[in-house]
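Chemist: In our numbering, the protein residues as written are 7 to 291. Cβ atoms here follow ideal geometry from the backbone N, Cα and C, with glycine treated the same way.
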Ligand code: GUN
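1) Count the other CB atoms, across all protein chains shown, that sit within 10 Å of the CB of residue 16; report buried if there are 16 or more and exposed otherwise.
2) Which partner residues does residue 234 have in the DSSP bridge list?
3) Under 7 Å from any heavy atom of the ligand GUN, does the C-beta of residue 102 make it?
4) Would you say the beta carbon of residue 147 comes nearer than 7 Å to a heavy atom of the ligand GUN?
5) Using the Cα positions of residue 89 and residue 179, report the straight-line distance between them to the nearest angstrom.
6) According to the Cβ coordinates, are residue 162 and residue 132 closer than 8 Å?
7) Near residue 14, what residues of its chain come up, given a Cβ to Cβ distance below 7 Å and the 5 sequence neighbours on each side ignored?
8) Which residues in the same chain as residue 254 place their Cβ atom closer than 7 Å to its Cβ, once the five residues preceding and following it in sequence are excluded?
9) Given residue 170, which residues of its chain have a CB within under 6 Å of its CB, disregarding the five upstream and five downstream residues?
10) Go through its chain and collect everything with a Cβ distance to residue 245's Cβ below 8 Å, but skip five positions before and after it.
11) On the three-state DSSP scale, how would you describe residue 131?
12) Under the three-state reduction of DSSP, which class applies to residue 189: helix, strand or coil?
13) Where does residue 100 fall in DSSP's three states?
14) Less than 8 Å between the C-beta atoms of residue 29 and residue 281, yes or no?
15) Is it the case that the region 82–97 contacts the region 117–137, given that we only count it when at least three CB pairs across the two stretches are under 8 Å?
16) Any idea what DSSP makes of residue 120, helix, strand or coil?
17) Considering only the beta carbon of each residue, do residue 77 and residue 101 sit closer than 8 Å?
18) Would the beta-carbon of residue 272 be found less than 7 Å away from any heavy atom of the ligand GUN?
19) At a cut-off of 7 Å, is residue 126 close to the ligand GUN when judged by its beta-carbon and the heavy atoms of the ligand?
20) Can you find a heavy atom of the ligand GUN that lies under 7 Å from the Cβ of residue 251?
21) Can you give, in chain order, each stretch of the beta strand (DSSP E) that sits fully within the region 47–111 and has at least 3 residues?
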């Protein structure tokens with residue numbers, strides 16, 4: 007069996023059509039959702055991500071502003087900018103690109119972002135609301151993972167999902183979202199014994215461990231949905247996922263490629279969150 011490919015690009019394009027339509031409706035009411043992105047320093051990967059966010063904003067009709075700050079910016083200066091953005095009525099979403107330079111405490115900065123404008127879904131109040139199942143802004147990559155699974159036409163309810171990786175930004179929130187969809191969820195991580203045996207029981211396998219090509223067909227139950235969140239830069243300069251694609255696709259029913267799988271979904275979910283934040287702040291449905 008060879009897996010069907012889940013195209014994140016295609017799913018992302020479909021969702022963007024809906025977002026653009028809603029933004030056009032809001033424009034008729036004089037509302038333009040606004041996203042502020044803050045980049046401190048000149049990390050090359052971060053610069054690419056930030057440029058892509060800016061490009062998406064422009065394509066979809068959002069107000070976009072990027073604050074590019076010197077690497078020597080102090081924590082106090084960054085917190086002052088966040089406070090200013092919190093108070094601005096034309097800004098609905100604030101994203102501070104991570105990682106930050108070492109002299110700045112990431113937690114202090116995330117905690118300072120207004121809960122209503124936290125389009126990354128990283129603020130502890132949004133994380134807490136996710137845990138207890140209340141309305142919150144959902145972290146973008148995990149929300150994108152769930153969308154990709156749903157687009158296979160599979161009913162998640164009652165399925166056994168195995169999540170490999172327990173990071174705060176992917177593994178943990180993905181496991182919570184899968185539980186919200188009534189999956190039975192097993193979490194695996196670097197200390198898990200018998201990982202392949204557990205993984206082979208998964209109807210839905212989500213991998214986010216940051217190790218290139220780690221998961222091969224021996225980890226995959228025949229017919230399973232395999233979602234690869236990994237983005238590893240090889241010495242050759244090529245991008246590789248955490249899943250050995252050529253091997254795993256021989257067993258899987260559905261699989262996401264890297265690039266072109268989860269990646270395109272992350273920015274689209276960021277746009278979706280900014281739209282949600284813009285409507286909520288104005289009491290609009
Ligand atoms: N750096 C890499 N991914 C992300 C993300 O999703 N949000 C932020 N703020 N920084 C990142």
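Modeler: On the basis of the data shown:
1) exposed
2) 213
3) yes
4) yes
5) 27 Å
6) no
7) 154, 262, 266, 267, 268, 269, 270 and 271
8) 221, 222, 223, 226, 232 and 261
9) 194, 213 and 215
10) 237, 238, 239, 264 and 265
11) helix
12) coil
13) strand
14) yes
15) yes
16) coil
17) no
18) yes
19) yes
20) no
21) 69–75 and 99–102
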